[in-house]
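Novice:
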Amino acid sequence: MEELLFGIGISAVAGALATVSGAAEDTESDIGSQGDPNSQVQLAPQMGYIHRIYSKAISGEPPAYGLWCALGAGLAWALMAINYNPVLAIVLGSAIAVFVQGIYATTAYLGRTASLAKFGQPVYIDLIKSVTTVTMAHAFIAIFTCVSMCFLMVNALRHPFPLPLLGLVWGIALGAAGSATGNPFYGKERQYQSQKFGAGVPISASGNIVRYAEAGQRSSLDNGWFTSKMGGPASGVCFGLIVFLELWRTIFFEGFAAGWGAVIAGIVLILIFMIIDRMVEKWARRTYGPYTEEKKEEVSS
Amino acid sequence: MTALGSGSGGGQGMKPVAVVVGLVILVVALAAVYFLAPGMAFMALIGVIIGGVLIGFGVHFVPVGGAPAAMGQSPGIATGVTMLAAGAGLAGLFGGAWAAELGFGVALAGGAIGGALMMAITCLMVNVVYVYAMGIPAASGKVAKDPITGDTFEAYKSQGTEGHGLPFVSYVGGVIGGLLGGLGGTLIYLELLGVYEASLPQLMGGSIDQIVPLAVGLAGIFAVGLFLVNAVIAAYNITGTIEGPHDPKFKRFPRAVIGCAIASAVCGLLAVMLVV
Chain A
543 MEELLFGIGI SAVAGALATV SGAAEDTESD IGSQGDPNSQ VQLAPQMGYI HRIYSKAISG
603 EPPAYGLWCA LGAGLAWALM AINYNPVLAI VLGSAIAVFV QGIYATTAYL GRTASLAKFG
663 QPVYIDLIKS VTTVTMAHAF IAIFTCVSMC FLMVNALRHP FPLPLLGLVW GIALGAAGSA
723 TGNPFYGKER QYQSQKFGAG VPISASGNIV RYAEAGQRSS LDNGWFTSKM GGPASGVCFG
783 LIVFLELWRT IFFEGFAAGW GAVIAGIVLI LIFMIIDRMV EKWARRTYGP YTEEKKEEVS
843 S
Chain B
67 MTALGSGSGG GQGMKPVAVV VGLVILVVAL AAVYFLAPGM AFMALIGVII GGVLIGFGVH
127 FVPVGGAPAA MGQSPGIATG VTMLAAGAGL AGLFGGAWAA ELGFGVALAG GAIGGALMMA
187 ITCLMVNVVY VYAMGIPAAS GKVAKDPITG DTFEAYKSQG TEGHGLPFVS YVGGVIGGLL
247 GGLGGTLIYL ELLGVYEASL PQLMGGSIDQ IVPLAVGLAG IFAVGLFLVN AVIAAYNITG
307 TIEGPHDPKF KRFPRAVIGC AIASAVCGLL AVMLVV
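Going line by line, the protein sequences match chains A and B.
Counting from 543, one number per residue, gives the positions in the first sequence under the working numbering.
Counting from 67, one number per residue, gives the positions in the second sequence under the working numbering.
#1: Measuring only between beta-carbons, confirm whether B:V341 sits less than 8 Å from chain A.
#2: Listing by chain order, which chain B residues have their CB less than 8 Å from the CB of A:H701?
#3: Which one of A:I550, A:V785 and A:A776 has the shortest CA to CA distance from B:A199?
#4: Closer than 9 Å, Cβ to Cβ, to anything on chain A: give me those residues from the region 172 to 191 of chain B, in chain order.
#5: By Cβ distance, which residues of its chain are closer than 8 Å to A:R791, with the 5 residues on each side in sequence left out?
#6: Taking only three categories from DSSP, how would you classify B:V85?
#7: Between A:V841 and chain B, is any beta-carbon pair separated by less than 8 Å?
#8: List the residues of chain B that A:Y846 touches, going by C-beta distances under 9 Å, in chain order.
#9: Indicate whether the contact test is met: 3 or more Cβ pairs, each with one atom in the region 677 to 697 of chain A and one in the region 637 to 645 of chain A, closer than 8 Å.
#10: Please report the residue range of the alpha helix (DSSP H) in which A:K824 lies.
#11: Is there a C-beta anywhere in chain B that falls below 8 Å from the one on A:A556?
#12: Compare the C-beta of B:L150 against all C-beta atoms of chain A and say whether one is closer than 8 Å.
#13: Taking 7 Å as the cut-off, is the CB of A:G749 close to at least one heavy atom of the ligand ATP?
#14: For the alpha helix (DSSP H) that B:F234 lies in, which residues bound it at each end?
#15: Using the Cα positions of A:R827 and B:E257, report the straight-line distance between them to the nearest angstrom.
#16: Using the three-state DSSP reduction, which class does B:L70 fall into: helix, strand or coil?
#17: Who are the neighbours of B:G283 on chain A, taking C-beta pairs under 7 Å?
#18: Compare the C-beta of A:K598 with all C-beta atoms of chain B and state if any pair is closer than 8 Å.
#19: In the DSSP assignment, what residue or residues form a beta bridge with B:A205?
#20: Which residues share a DSSP beta bridge with A:S761?
#21: Buried or exposed: which applies to B:F234, given that a residue is buried once 16 or more other Cβ atoms fall within 10 Å of its Cβ?
#22: Any chance you could list the beta strand (DSSP E) runs of at least 3 consecutive residues sitting entirely within the region 281 to 341 of chain B, in chain order?
#23: Leaving aside the five residues before and after B:V241 along the sequence, list all residues of the same chain whose C-beta is less than 6 Å from its C-beta, in chain order.
#24: Quick test of the definition: if touching needs 3 or more C-beta pairs under 8 Å, does the region 738 to 752 of chain A touch the region 220 to 234 of chain B?
#25: With a CB to CB cut of under 8 Å and the five nearest residues on each side skipped, what residues in its chain are close to A:S690?
#26: Using 10 angstroms around the beta-carbon of A:T675, count the other beta-carbons present and answer buried if the total reaches 16, otherwise exposed.
#27: Where does A:V562 fall in DSSP's three states?
#28: Hey, is B:I242's beta-carbon within less than 8 Å of any beta-carbon in chain A?
#29: Can you look up A:Y754 in the DSSP assignment and give me helix, strand or coil?
#30: Have a look at B:V128 and B:V298 and give me their C-alpha separation to the nearest angstrom.
#31: Flag B:H126 as yes if its beta-carbon sits less than 8 Å from any beta-carbon of chain A, otherwise no.
#32: Check B:T215 in the structure and name its three-state DSSP category.
#33: So is B:I143 in contact with chain A if we call contact Cβ pairs under 8 Å?
#34: From the beta carbon of A:I812, is the nearest beta carbon of chain B less than 8 Å away?
#35: Assuming contact is defined by CB atoms lying nearer than 8 Å, are B:I254 and B:V238 in contact in what I supplied?
#36: Could you say which of A:M589, A:M821 and A:D572 lies nearest to A:Y596 if we only look at CA atoms?
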């Protein structure tokens, strides 16, 4: 019983760490414009809209976070092997991984922006100074919490994978969850604030991103401020739920039916989420639509 | 990642010469392992190929809209095919590896459900953001009606877009994709772990207890690697965006299945030959 309670407590802590990690990851990627909407930042100067928004998307968030978390976890693992205190080892590992992220961010911004020189897009040195450090700070929180969570999984919950491999696995999952959930909010709600709320962005508006803030030109720091209100927390809840429920169902139900209890619990959870999703979908249809009069039956596909 | 409106074109058929060359490579890989290390290693390679095919097939179910989805210009999840499928499958692999000591069946089911659960939560949160933060209802651009719920889409589509949000059929597709990805990844891991645990003690002259961490690490790394190989092949087959099983692009899966089988055979050959 004590072991079970300990396991559930660790699951809760890991879930909380994952929530912070998801929120920081999404905010970092929105400040650095690394998610999928970055194509609009890249496209804007070609359409004649010069801007002061950072763009560091060379690869997507999942492989990038897979690298950084594996790096942080690997370094922490190596430091722990030479008897460093785990907390210090994780902090140092994450800090070194963040320097790699900083180098990546700087070179990616310079490279991507320099390629737009023929469209008149300048490279802003003040942006490198101000934005890079802010993305690094957010990345540190994301990496540190993710590696700490992996450390708990290995040491407290006895997962068989070594720490660096878990860092890679959960880093990729972190990037996938954050990029899936937070990206649309940054992409549409932030970049296209000139479009009306409650509809998709017409394809003809591609590249016409909003470039001015309340006072002067908008920079990527404003994006962090905006998306941390909704996109960041939503990503955090998403990743936190994934980690917590994955651990919780295993620890709580694995003892039943020779391990099949955890599988059945997983199926029940999936069905519950499916029902909630359907309710959300129906609510949206009732509240927002229809935009045009419904045609009878024969709608072309 | 902006293959907006690329439709179902792009060569749905398979080139016979390429298929034959690929199958020859597959048979050569199988024959090499059969003659060098029949028995367990051969069966493991078969398992790796099946796992790879499951991953490649599963990726086709995952609804991915890329950059257009992030602007509400096309339906799906706003990220890349490979990334999302890999994230779901690796979350499944995490669960499967954890349950490995409880037996083959439990571990496979645990891996599959882990991947499906990750996708179920992600898809729900995606819809929550679309609906409550962006005010967008789900509407498919590829079909007039949701094949599962029967909802019509045309009237809910914003002007100038190819649809948006995550219709229920796409949600179910995402869960099935995560399920198959987690299953395939865990199968690859378990097969390779079996081979390494059997061969490494003799090869390195240590006891099984000393070898287990190395075997787990190696099998895990190869499983992650094979996962990414198969997910990337499937992503190339899809080219950009796909809404799920109802999307016309879904019919392209046989080509990816063959490609994944061949790539898994070659990668699996390397993974197995490491110890035999």
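Even glycine gets a Cβ: it sits at the ideal position worked out from N, Cα and C.
Specialist: In short, the structure shows the following:
#1: As a first step, residue 341 of chain B is located in the second sequence; it is residue number 275 there, counting from the start. Not one chain A Cβ lies under 8 Å of B:V341.
#2: By one-based count along the first sequence, residue 701 of chain A stands at place 159. Within chain B, the residues near A:H701 are F160, A163 and W164.
#3: Within the second sequence, the letter at position 133 stands for residue 199 of chain B. That would be A:A776, whose Cα lies nearest to the Cα of B:A199.
#4: V172, A173, A175, G176, A178, I179, G180, A182, L183, M184, M185, A186, I187, T188, C189, L190 and M191
#5: For the purposes of this step, residue 791 of chain A is taken as residue 249 along the first sequence, with counting starting at 1. Result list for A:R791: A804, A807, G808 and L811, in chain order.
#6: Counted from its first residue, the second sequence places residue 85 of chain B at position 19. Correct three-state label for B:V85: helix.
#7: Mapped onto the first sequence, residue 841 of chain A falls at position 299. With a pLDDT of only 49 at A:V841, under the threshold of 50, the placement of this residue in the model should not be trusted; the figure read from the coordinates follows. Yes, A:V841 lies at the interface with chain B (some Cβ there is under 8 Å from its Cβ).
#8: Nothing about residue 846 of chain A can be reported from this structure: the residues present for chain A run from 543 to 843 only.
#9: yes
#10: Counted from its first residue, the first sequence places residue 824 of chain A at position 282. That run of the alpha helix (DSSP H) goes W802 to Y830.
#11: Taking the first residue of the first sequence as position 1, residue 556 of chain A is located at position 14. Not closer than 8 Å to any Cβ of chain B, the Cβ of A:A556 fails to qualify, so no.
#12: On the second sequence, residue 150 of chain B is found 84 positions in, with the first residue counted as 1. Yes, B:L150 lies at the interface with chain A (some Cβ there is under 8 Å from its Cβ).
#13: As presented, the structure is devoid of all ligands, the ligand ATP included, so that no description of it is given.
#14: Mapped onto the second sequence, residue 234 of chain B falls at position 168. Where B:F234 is concerned, the enclosing alpha helix (DSSP H) stretches over F234 to M270.
#15: Residue numbering aside, residue 827 of chain A sits at position 285 when the first sequence is read from its first letter. Residue numbering aside, residue 257 of chain B sits at position 191 when the second sequence is read from its first letter. In a straight line, the C-alpha of A:R827 is about 46 Å away from that of B:E257.
#16: Within the second sequence, the letter at position 4 stands for residue 70 of chain B. Its pLDDT being 44, under 50, B:L70 is placed unreliably by the model, and the measurement read from it follows with that caveat. The answer is coil: DSSP assigns B:L70 none of H, G, I, E or B.
#17: Counting from one through the second sequence, the residue named residue 283 of chain B turns up at place 217. The answer, in chain order, is P704 and L707.
#18: Within the first sequence, the letter at position 56 stands for residue 598 of chain A. Not closer than 8 Å to any Cβ of chain B, the Cβ of A:K598 fails to qualify, so no.
#19: As a working note, residue 205 of chain B is residue 139 in the second sequence. According to DSSP, which records beta bridges pairwise, B:A205 is partnered with B:H230.
#20: Along the first sequence, read from residue 1 onward, the residue named residue 761 of chain A stands at position 219. Answer is A:R594, bridged to A:S761.
#21: As a position in the second sequence, residue 234 of chain B is number 168, starting the count at 1. Classification of B:F234: buried, given that the 10 Å Cβ count is 16 or more.
#22: none
#23: In the second sequence, the residue the question calls residue 241 of chain B occupies position 175. Closer than 6 Å at Cβ, skipping near neighbours: A182, M185 and A186.
#24: yes
#25: The sequence position of residue 690 of chain A within the first sequence is 148, counting from 1. So the list reads L559 and I632, once near-sequence residues are dropped.
#26: Counting from 1 along the first sequence, the entry for residue 675 of chain A is found at position 133. Counting Cβ neighbours within 10 Å, A:T675 comes out exposed, since fewer than 16 surround it.
#27: If you number the first sequence from 1, residue 562 of chain A lands on position 20. The answer is helix: DSSP assigns A:V562 an H, G or I state.
#28: Looking up residue 242 of chain B in the second sequence gives position 176. Closer than 8 Å: no.
#29: For this step, residue 754 of chain A is matched to residue 212 along the first sequence. Note: A:Y754 maps to strand in three-state DSSP.
#30: Counting from one through the second sequence, the residue named residue 128 of chain B turns up at place 62. Counting from one through the second sequence, the residue named residue 298 of chain B turns up at place 232. The straight-line gap from Cα to Cα measures roughly 13 Å.
#31: Counting from 1 along the second sequence, the entry for residue 126 of chain B is found at position 60. No - not a single Cβ of chain A is within 8 Å of the one on B:H126.
#32: Position 149 of the second sequence, counted from the start, is the residue given in the question as residue 215 of chain B. Correct three-state label for B:T215: coil.
#33: Stepping through the second sequence from its first residue, residue 143 of chain B is reached at position 77. Yes, its Cβ sits closer than 8 Å to a Cβ of chain A.
#34: By 1-based counting over the first sequence, the position of residue 812 of chain A is 270. With 8 Å as the cut-off, A:I812 counts as an interface residue toward chain B.
#35: As a first step, residue 254 of chain B is located in the second sequence; it is residue number 188 there, counting from the start. As a first step, residue 238 of chain B is located in the second sequence; it is residue number 172 there, counting from the start. The answer is no: Cβ separation not under 8 Å.
#36: In the first sequence, counting from the first residue as 1, residue 596 of chain A sits at position 54. For A:Y596, the nearest C-alpha among the options comes from A:D572.
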